[in-house]
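Each number in the working numbering comes from the position in the sequence shown (counting from 1) with 11 added on. Virtual Cβ for every residue (Gly too), placed ideally from N, Cα, C. Taking it in order: structure first as structure tokens, then the write-up.
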Amino acid sequence: MFKTNEGNADRIVRGVIGIVALVLFYMNIGTVLGWVLLVVGVIALFTAITGWCAIYSVIGVNTCKMKS
Numbered sequence: 012m013f014k015t016n017e018g019n020a021d022r023i024v025r026g027v028i029g030i031v032a033l034v035l036f037y038m039n040i041g042t043v044l045g046w047v048l049l050v051v052g053v054i055a056l057f058t059a060i061t062g063w064c065a066i067y068s069v070i071g072v073n074t075c076k077m078k079s
């Protein structure tokens with residue numbers, strides 16, 4: 012579906028950020044900050060799981076190692 016454009020380190024960082032953001036969302040449910048954290052968490056986890064980032068695609072960035 013999407014061409015992977017994130018390396019392992021990038022995916023791990025995004026996964027951790029996503030989990031932390033979602034945990035903080037549950038602590039701030041109903042606040043504007045809570046909803047912002049939900050959006051950030053979902054996007055970060057999606058990109059970590061799929062290995063694809065739309066912004067990276069638009070600007071031509073690729074952090075994954077090429078197979079030789």
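- Give every residue of the same chain whose Cβ lies closer than 6 Å to the Cβ of A49, excluding the five residues on either side of it in the sequence, and list them in chain order. In the sequence shown, counting from the first residue as 1, residue 49 sits at position 38. A quick correction: the sequence has Leu, not Ala, at residue 49. Excluding sequence neighbours, L49 sits near F36.
- Query: Is any heavy atom of the ligand ADP found at a distance shorter than 6 Å from the C-beta of R22?
  - Reply: Of ligands this structure carries none, so the ligand ADP is not represented either.
- Out of curiosity, what's the CA-to-CA distance linking G18 and C64? Against the sequence shown, residue 18 aligns to sequence position 7. Against the sequence shown, residue 64 aligns to sequence position 53. Their backbone Cα atoms lie some 11 Å apart in a straight line.
- Message: Our contact map puts N39 next to C75 with C-beta atoms below 8 Å; I'd like the distance itself, whole angstroms only.
- Response: Residue mapping note: residue 39 aligns to position 28 of the sequence shown, counting from 1. Residue mapping note: residue 75 aligns to position 64 of the sequence shown, counting from 1. Not really, about 33 Å apart at Cβ, beyond 8 Å.
- Item | Residue from N73, R22 and A55 with nearest C-alpha to A32 | The residue given as residue 32 occupies position 21 in the sequence shown. Of N73, R22 and A55, the residue nearest in Cα terms is A55.
- Message: So G71 and R22 are supposed to be a Cβ contact under 8 Å. How far apart are they, rounded?
- Response: Along the sequence shown, read from residue 1 onward, the residue named residue 71 stands at position 60. Along the sequence shown, read from residue 1 onward, the residue named residue 22 stands at position 11. Not a contact, Cβ separation roughly 19 Å.
- N59 to I66, Cα distance in whole Å? On the sequence shown, position 48 is the one that residue 59 refers to. On the sequence shown, position 55 is the one that residue 66 refers to. One point to set straight first is that residue 59 is Ala, not Asn, in the sequence displayed. Each residue's Cα considered, the two are about 14 Å apart.
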